[in-house]
Structures are given as structure tokens and as C-alpha cells.
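Residue numbers (the working numbering): 120 to 513. Some notes on the structure that comes next.
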Ligand code: PLP
């Protein structure tokens, strides 16, 4: 006997993965230059030179037992110290090594954090559109997903619309800014309002309501916009971070959970995260990746290419007649589905060799997500196909 839910989860690939795999087959069939793949969020900018150099130096070290060995489950102490130092230097948050649990990226960081606080009947508030895997993560740890519908006027944080979704069972709200899939960056004013609401609701229900800040895109912001460091605004914030996007290392599986001292029950929460990670099979994050981020966690990404891409794509598509949301962060752009349902439109786009995931799995039907971590040259080449696709609906 097998667990049906797990079999289904494994058998049915995520929509975006499905498109990505389709794209690989199509590229082999008709040539890569004829497929316009906007499906997946795999960074197209290479890892910074300093990261490559750190890998080279690491590969030359003779202490291979250390370099390839297990570290403590929490991460090597020198690595945790480097991460905490960097956070403190940038955000003056008082982070210490003891607050950092090194993980295999943001996904396991989120799982461990949510599992640690998943008491009976626990509810997690997510704001649509949201990273589709949130549904899987929350359900897998035994929680209930509570979805706040999108505000399609601007896809920003509207605190008054979130307030009705809190109940006595709310354990946490998940916030992802800069946002996948909208590219919206939540501003300090709205986050302060959210902090006030969380304090009010924590008092009303008699237990702390945590804010889980999912921040793999923290450094990917344009137009000089600030990404507020949420733990400085709301005391009960846990940060789940990864270098998948900022240092273009998604396959190296490296990130962390930051549980600030200010957080309610912070010591127990940290142990809870460690225990939850352990129960999920975490032994330690990849050791080589840990030593890389020890050297490189202070390096800022080069966002020039993503900046240029979002401008080229936004200008090109809006000129044709598409309605798009101008992104200020991350490397995605949201497009209103011009005709039919977004699922059908995604299928239709395939006829023009354009791969566009529908936002239904993000909790936002009627919209498409375009990944802008692609080559600028592909964007330019794709525009005639986008025009033909648009005209096919007239
Ligand atoms: N959270 C969001 C919003 C993401 O977009 C992603 C990956 O695309 C993740 C979490 C998972 O990141 P990681 O590769 O670090 O596990």
C-alpha cells in the first residue's frame, strides 16, 4: 500500500515544471532558437566571479575531509557567524550565529519553520498570488492554507483586506517580497500596518502570530527601491532566505532560517526549527555550499540584466496591447490573460512556441507569469510571436 497523496504529488508535476520539460522536448525538435521559454525561475545571470573563484579555491584545498564532511545540523559555526555578521552589518538587527539555522535553500527553511509551529488545527495565511509550493508545504506539515484573494488593482499589500482572515488558529502569515509572481515589493508603510495588525491579533487570540518572511529575492530590486528588513518592524518575524536567486545558485541548495532573539519563544522556536528539519531528514546543508556563502554572503547580485529584461518585455508587450504589471523586484512579470482562460491561453501560446505558465496554481486565475531571467535577445525575438498570439484572439 502506498500513500495516495504522495503518489499524486510525485506523478503530477507542477504546471511550470511541465511546461519547462515540454520546452526541452520542443527545443530538441525545432531548435532552441525557435522556442520562447518564459516558464521557470532559473537565474540566467551567471554566479558572480567571486563565487566562481571561491569554488576554485575550495577545490584546491587539501582538507577534503572537512570540505566534504558533515557539519553540525545547524551549519558550520564559522558559516553561521559570517551570515549573522552580514545581516547585522546590513540591517543592524543584532543577529548572532545562534539565530541562524543553515538549510538546503528556502523551501526546506519554510517547511521546517512551519512544521515547528504546526500545532493542532494550525492555519497559515498566504496572500494570492503566492508561490504554488506553499500549498504543498503547508499541507505536508499538517496545516491549513488560508488564502487571501489577490487585489488585482495593484497586487500590493492591503492590510485591511487581510484582517478578516485571522482566527484563533492562525499561527503565521507568509509574506514574499519581492514577490514571485508579481514583482511587487512591499513598502515599509504597509509592512508597519501589517505589524500593528499582527500585534492586535496576537493579543486578541492570546498567542503570538508569527510572520514568516520568504525572501529569496531580497536583493533583486530595481529603481532604487528599499526592501525593508521585516524583523526590524515586527518582533515575531522568522526569515527564510536562500542564495538560489541572489547568487544564482539554485542547484547548490543553500539558505537559512533566521530566528531573531526578539521573536516570541525564540530559543524554543529555534530548537523547533532544528527538530522539524531533523524530522524531515535534514542532516546538514551541503558543506561546500556552506563554505561558499561564508565567503560570499556579502556579495550583491548584478541586477542590470534583469532590469533591462523587464523593461524590454514590458515595453514590447504593452505596445502590442497586452496588459502587464510593471515589476519593481524579483525576475517575473505578471500579464493579464488577454482572451479565454489562462489555462487555455497557456495552451494557445504553445502553438506559437511561447511557454507561459498560467497563474491559476498561484491562486490568481486570469493572469500569466513571465519569467524575465532569460536572455534579452530571446525577449526581442519573441515579440513577433507574441503579436501573432495576441492577434489570434481577435
Ligand atoms: N519561495 C519563493 C517565493 C520562490 O520563488 C522559490 C523558488 O523559486 C522558493 C521559495 C524556493 O527557493 P529555494 O530554491 O531556495 O528552495
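Cβ atoms here follow ideal geometry from the backbone N, Cα and C, with glycine treated the same way.
* To do: Confirm, please, whether the CB-CB distance from residue 241 to residue 262 is below 7 Å.
  => It is a contact, given that the beta carbons lie within the stated cut-off.
* Cβ separation of residue 310 and residue 349, assumed to be a contact under 8 Å, to the nearest whole Å -> The beta-carbon separation of residue 310 and residue 349, rounded to 6 Å, stays under the 8 Å limit for a contact.
* Separation of residue 324 from residue 491, as counted between CA atoms -> The alpha-carbon atoms of residue 491 and residue 324 are separated by roughly 42 Å.
* To do: Evaluate residue 304 with the Cβ neighbour count: other Cβ atoms within 10 Å of its Cβ, from every protein chain shown; 16 or more gives buried, anything less gives exposed.
  => By the 10 Å Cβ count, residue 304 comes out buried.
* Asked: Among 485, 409, 462, 476, which residue has its Cα nearest to the Cα of residue 193?
  -> Residue 409 is the option with its Cα nearest to residue 193.
* Pick helix, strand or coil for residue 442, following the three-state DSSP scheme. => In the structure shown, residue 442 adopts coil according to DSSP, grouped into three states.
* **Environment of residue 458 [buried if 16+ CB atoms lie within 10 Å]** => Burial check for residue 458: the Cβ neighbour count within 10 Å stays below 16, so the residue is exposed.
* Exposure label - residue 187; buried when at least 16 CB within 10 Å -> It counts as exposed.
* To do: Have a look at the DSSP bridge pairing and note the partners of residue 359.
  => The secondary-structure analysis by DSSP pairs residue 359 across a beta bridge with 333, 376.
* Near residue 173, which residues of its chain fall below 7 Å by C-beta distance, leaving aside the five closest residues on each side in sequence? -> Excluding sequence positions up to five before and after residue 173, its CB lies within less than 7 Å of the CB of 411, 414, 415, all in the same chain and listed in chain order.
* Asked: Less than 7 Å separating the beta-carbons of residue 248 and residue 478?
  -> Contact check for residue 248 against residue 478 passes: the beta carbons are separated by less than 7 Å.
* **Reference residue 517; option with closest CA among 397, 209, 475** => Outside the displayed span of the chain (120 to 513) sits residue 517, for which this structure offers no information.
* To do: State the Cα-Cα distance for the pair residue 423 and residue 495, rounded to the nearest angstrom.
  => For residue 423 and residue 495, the distance between alpha carbons rounds to 11 Å.
* Count the other CB atoms, across all protein chains shown, that sit within 10 Å of the CB of residue 399; report buried if there are 16 or more and exposed otherwise. => Classification of residue 399: exposed, given that the 10 Å Cβ count is below 16.
* To do: For residue 181, write down the residues that DSSP places opposite it in a beta bridge.
  => Bridge partners of residue 181: none, in fact.
* Please go through the same chain and pick out, in chain order, the residues whose beta-carbon is closer than 7 Å to the beta-carbon of residue 161, but skip the five residues on each side of it. => Exclusion of the five residues before and after residue 161 leaves 369, 492 as the residues of its chain whose Cβ lies within less than 7 Å of its Cβ.
* Between the CA atoms of residue 204 and residue 326 - distance to the nearest angstrom -> If you take the alpha carbons of residue 326 and residue 204, they lie about 31 Å apart.
* My understanding is that residue 347 touches residue 319, with C-beta atoms under 8 Å, so please give their C-beta distance in whole angstroms. => Residue 347 to residue 319, Cβ: 20 Å. No contact.
* Asked: Near residue 207, which residues of its chain fall below 7 Å by C-beta distance, leaving aside the five closest residues on each side in sequence?
  -> Residues 213, 214 of the same chain have their beta carbon placed closer than 7 Å to that of residue 207, with the five preceding and five following residues left out of the count.
* **C-beta atoms of residue 464 and residue 507 nearer than 7 Å** => Their beta carbons are not under 7 Å apart, which means residue 464 does not touch residue 507 by this criterion.
* Any heavy atom of the ligand PLP within a distance shorter than 6 Å of the CB on residue 226? -> Flag set: Cβ of residue 226 near the ligand PLP.
* If we ignore side chains and look at the alpha-carbon of each, how far apart do residue 255 and residue 403 end up? -> If you take the alpha carbons of residue 255 and residue 403, they lie about 23 Å apart.
* First through last residue of the beta strand (DSSP E) which encompasses residue 222 -> Element bounds for residue 222: 219-222.
* Segment contact, 8 Å Cβ cut-off, at least three pairs: the stretch 431-451 with the stretch 376-390 -> Because the criterion of three Cβ pairs below 8 Å is not met, the stretch 431-451 and the stretch 376-390 do not touch.
* **Minimum C-alpha distance to residue 514 - residue among 397, 362, 434** => Any question about residue 514 goes unanswered here, given that the chain covers just 120 to 513.
* Asked: Is there contact here, the stretch 289-301 with the stretch 230-237, by at least three beta-carbon pairs under 8 Å?
  -> Cβ pair count under 8 Å is three or more, so yes.
* Based on Cα-Cα distance, which residue from 426, 246, 217, 364 lies nearest to residue 343? -> Distances from the alpha-carbon of residue 343 to those of 426, 246, 217, 364 put 426 closest.
* What residue ranges within the stretch 213-285 form continuous beta strand (DSSP E) runs of no fewer than 3 residues, ordered along the chain? -> Runs of beta strand (DSSP E) with 3 or more residues, each lying fully within the stretch 213-285, are found at 219-222, 242-246, 263-267, listed in chain order.
* Sub-7 Å separation of residue 374 and residue 353 beta-carbons -> Contact flag unset, no.
* Using DSSP with H/G/I as helix, E/B as strand and the rest coil, what is residue 293? -> DSSP places residue 293 in strand when its eight states are reduced to three.
* Asked: Taking the continuous alpha helix (DSSP H) assigned at residue 120, which residues delimit it?
  -> For residue 120, there is no enclosing alpha helix (DSSP H), as DSSP marks it with neither H nor E.
* **6 Å CB neighbourhood of residue 378 in its chain, flanking five on each side removed** => In chain order, 218, 357, 385, 388, 389 place their CB closer than 6 Å to the CB of residue 378, counting only its own chain and leaving out the 5 sequence neighbours on each side.
* Buried or exposed by the 16-neighbour rule on C-beta atoms within 10 Å, applied to residue 280 -> Answer is exposed; the Cβ neighbour count stays below 16.
* Assign residue 298 to one of two classes, buried (16 or more other C-beta atoms within 10 Å of its C-beta) or exposed (fewer than that). => Around the beta carbon of residue 298, a 10 Å sphere encloses 16 or more other beta carbons of the protein chains shown; the residue is thus reported as buried.
* Spatially closest choice to residue 462 from 473, 452, 484, by CA coordinates -> Among 473, 452, 484, the Cα nearest to that of residue 462 belongs to 484.
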